[in-house]
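Notes follow the structure.
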Amino acid sequence: ADFGHYGPLFIRMAWHAAGTYRVTDGRGGAGRGQQRFAPLDAWPDNVNLDKARRLLWPIKQKYGRKISWADLLILAGNVALETMGFRPFGYGGGRADVWEPDEDVNWGEEIEWLGDDKRFTGDRDLGPFGATHMGLIYVNPEGPNASGDFMAAAKDIRATFSRMAMNDEETVALIAGGHTFGKCHGAAPESHMGPDPETAPIEAQGLGWISNYGSGHGKDTITSGLEVTWTKTPSLWSNNFLENLFKYEWEMVESPAGHKQWVAKYAPEIIPDAHIPGKFHKPTMLTTDLTLRFDPEFGKISRRFLEDPQAFADAFARAWFKLTHRDMGPRVRYLGPEVPKEELIWQDPIPAVNHRLIDDKDIASLKAKILATGLSVSELVSTAWASASTFRGSDKRGGANGARIRLSPQKDWEVNQPAQLAKVLSTLESVQQAFNSAQSDGKKVSMADLIVLAGCAGVEQAARNAGYDVTVPFTPGRMDASQEQTDVESFAYLEPIADGFRNYTKGNYGSWTEHLLVDKALLLTLTAPEMTVLVGGMRMLGTNVGGSKHGVFTSTPEALTNDFFVNLLDMGTVWKPISEDGDLFEGRDRKTGKVKWTGTRVDLVFGSNSQLRAIAEVYASADAKEKFVQDFVAAWNKVMNLDRFDLA
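Encoded structure:
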């Protein structure tokens, strides 16, 4: 181990396990233990982390099912900090392992490691990815395209760290705090390294990057190709990274592997060698380290941390906790004795239940009162769906609990039809106030519960309109968040660019429209049959944004029938595109040529895609009418409760 301590290696391992998280779709992060699988286990930025995980195997083997790999990777990072004199903000367990790679994550379209030719537009504007290059966690440490330009690196650093939900202060704290420990490894060119774990020979047993340079390890280790040690106490917490950063002037040099890095001019040799006792070196830095000093905004923060080590330590502790827990969802999901008591805004806090909950009699009474308001099935169902369907199974954000549909920014999203939403919410608030004011035993109904209950009432009414008497399951217990508990900037990322369930797209996505439906379904953790039955049902209930008739293949709207599937698969209908972008179609009677229906790509995909058509045929069958209703209710109930972690 460098400096006789594996702590820095475990910090890098935990950091890189968590650092794949991105706010745009909530994917990535440490919550599923994905660093063990391709492609992450073979990323150039994860070189030699296979060895870190092997060091942990005896611990995992000893405790078995008592701790997941996902939890162990992060716990090891926290323990590493503790053993090097730093007190973390806290630790929450509860990450569940998966057993195969996530196949729904778009890491980029480049076909070569470290490529970046397909992720930028305009003036180096990063697309919906977390990193600037294929196979990196964040940025190229040598600056954009290994230019050595530390000023230009600022834009890349901000873009990638903001994708991970970090502001400038958190970014500086993480980089400076992380680089307080350990070193980079570049004893020789990377050509000495063997293949990554995924392409290594079978006898390597999952280990990769075996080096033929010297001993292949220790002082001869090759990882990034950079040979940098930042502080004079690399296995102890200190402020020395910032002290050195500001104390010296820096000169660009090449590492033994030929990469651009920086050495302190006229500095004494005060940095200990990682393996040879009594040997010392001049301080060294990465190009991206210098950005923290010379970029005007980063520089202000760095200097403040230099002058206030306590503030720096607190900022790093909080940023590290956020980094390693950002994808876990609300605080209620954290397990263990080290969970911090402080509630943080990025955890999307929701008040605890502080009143008696409504019972079955109240639920029936409230449903009747909601239906008596005159709100339509479409309005009731649309509002409940808008509230619940923000949920992302990736990072467990969104959902109906909290009723943030009432708050900025969600109340103003185009997809939520603000004028209609305001009308529905105002009406439901009147129902809520009347009910709550009539109670004398502390019983209340929250708006979060009432919005979902209203949707359930709408579904039940639509089923009755179709001739079926069903009860949609409902479990109270949701609470209402406040605007102060809602990070508007962060929640803006939950606004859908498309919601195929409501036949909505924000812009023109051409043939990607149906892919966006599948992506939405994946974030809602829906199976293909659940996605199919929900789309067919939502069309019948009139939930299209703007009230469009596209995909409403029925003569009895607001009745929960299987007409969508029956009419889509009707061979008496011929479909033809009617828009230049190929997104809108009309269905004409094959004999008369009369227009019968209009539909979008999201509608027609259920007749075009072979797998979806197979499911659609089930629901279009003569004996499937009741099954369709039952399956719709089950899928609806699932979506309404996706964020009810208290029920798990």
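This note's numbering numbers the first residue of the sequence shown as 234 and each following residue consecutively.
Each residue gets a CB set at the ideal place from its N, CA and C atoms; glycine is no exception.
Just so you know, these numbers come straight off a predicted model, no measurement behind them.
From this set, the options, which residue's C-alpha is nearest residue i's C-alpha?
{"i": "residue 880", "options": "536, 382, 422 and 566", "result": "566"}
{"i": "residue 867", "options": "692, 784 and 803", "result": "692"}
{"i": "residue 488", "options": "508, 519 and 372", "result": "519"}
{"i": "residue 447", "options": "756, 666, 467 and 420", "result": "420"}
{"i": "residue 309", "options": "263, 336 and 277", "result": "263"}
{"i": "residue 773", "options": "801, 561 and 761", "result": "801"}
{"i": "residue 473", "options": "414, 312 and 602", "result": "414"}
{"i": "residue 430", "options": "622, 281 and 679", "result": "281"}
{"i": "residue 650", "options": "477, 614 and 385", "result": "614"}
{"i": "residue 764", "options": "332, 864 and 643", "result": "864"}
{"i": "residue 283", "options": "428, 511 and 659", "result": "428"}
{"i": "residue 788", "options": "755, 538 and 698", "result": "698"}
{"i": "residue 327", "options": "303, 753 and 440", "result": "303"}
{"i": "residue 724", "options": "747, 641 and 738", "result": "641"}
Is residue i helix, strand or coil when you go by DSSP?
{"i": "residue 731", "result": "strand"}
{"i": "residue 493", "result": "strand"}
{"i": "residue 483", "result": "strand"}
{"i": "residue 810", "result": "strand"}
{"i": "residue 444", "result": "strand"}
{"i": "residue 300", "result": "coil"}
{"i": "residue 419", "result": "strand"}
{"i": "residue 478", "result": "helix"}
{"i": "residue 682", "result": "helix"}
{"i": "residue 556", "result": "helix"}
{"i": "residue 827", "result": "coil"}
{"i": "residue 397", "result": "coil"}
{"i": "residue 432", "result": "coil"}
{"i": "residue 370", "result": "coil"}
{"i": "residue 564", "result": "helix"}
{"i": "residue 822", "result": "strand"}
{"i": "residue 782", "result": "coil"}
{"i": "residue 676", "result": "strand"}
{"i": "residue 635", "result": "strand"}
{"i": "residue 697", "result": "helix"}
Going along the chain, which residues of its own chain have a beta-carbon closer than 6 Å to the beta-carbon of residue i, five neighbours each way excluded?
{"i": "residue 728", "result": "646"}
{"i": "residue 714", "result": "583, 635 and 637"}
{"i": "residue 559", "result": "254 and 398"}
{"i": "residue 452", "result": "508"}
{"i": "residue 783", "result": "736, 831, 832 and 833"}
{"i": "residue 270", "result": "334"}
{"i": "residue 340", "result": "none"}
{"i": "residue 689", "result": "705 and 707"}
{"i": "residue 790", "result": "775"}
{"i": "residue 331", "result": "265"}
{"i": "residue 747", "result": "834, 835 and 838"}
What residues in its chain sit with their C-beta under 8 Å from that of residue i, if we drop five residues either side in the sequence?
{"i": "residue 550", "result": "319, 320, 321 and 322"}
{"i": "residue 555", "result": "398, 399, 403, 577 and 579"}
{"i": "residue 306", "result": "246, 247, 250, 263, 266, 268, 286 and 289"}
{"i": "residue 744", "result": "815 and 834"}
{"i": "residue 662", "result": "680"}
{"i": "residue 381", "result": "375, 485, 493 and 520"}
{"i": "residue 542", "result": "472"}
{"i": "residue 845", "result": "761, 765, 838 and 839"}
{"i": "residue 674", "result": "589"}
From the DSSP secondary-structure annotation, give me the bridge partner or partners of residue i.
{"i": "residue 817", "result": "833"}
{"i": "residue 710", "result": "Partner(s): none; residue 710 has no beta bridge."}
{"i": "residue 514", "result": "504"}
{"i": "residue 426", "result": "444"}
{"i": "residue 462", "result": "416"}
{"i": "residue 737", "result": "732"}
{"i": "residue 455", "result": "419"}
{"i": "residue 589", "result": "676"}
Taking 7 Å as the limit between beta carbons, can you name the residues of its chain near residue i, skipping five residues before and five after?
{"i": "residue 870", "result": "705 and 706"}
{"i": "residue 828", "result": "819 and 821"}
{"i": "residue 325", "result": "558, 561, 567, 568, 569 and 572"}
{"i": "residue 658", "result": "639"}
{"i": "residue 425", "result": "444, 445, 446 and 455"}
{"i": "residue 534", "result": "401, 402 and 405"}
{"i": "residue 512", "result": "506"}
{"i": "residue 178", "result": "As displayed, the chain neither begins before 234 nor continues past 881, which places residue 178 out of reach and without an answer."}
*Specify whether the segment 285-299 and the segment 515-534 touch according to this definition: at least 3 beta carbon pairs, one from each stretch, less than 8 Å apart.*
no
Is the segment 443-461 in contact with the segment 479-497, if contact means three or more CB pairs nearer than 8 Å?
yes
Kindly confirm or deny that the segment 627-634 and the segment 789-796 touch, where touching means at least three C-beta pairs closer than 8 Å.
no
message = Under 8 Å: do the segment 251-268 and the segment 387-397 share three or more Cβ pairs, one atom per stretch?
response = yes
*Decide if the segment 530-550 is in contact with the segment 295-307; the criterion is three or more beta carbon pairs, one per stretch, under 8 Å apart.*
no
Are three or more beta carbon pairs between the segment 849-858 and the segment 593-612 nearer than 8 Å?
no
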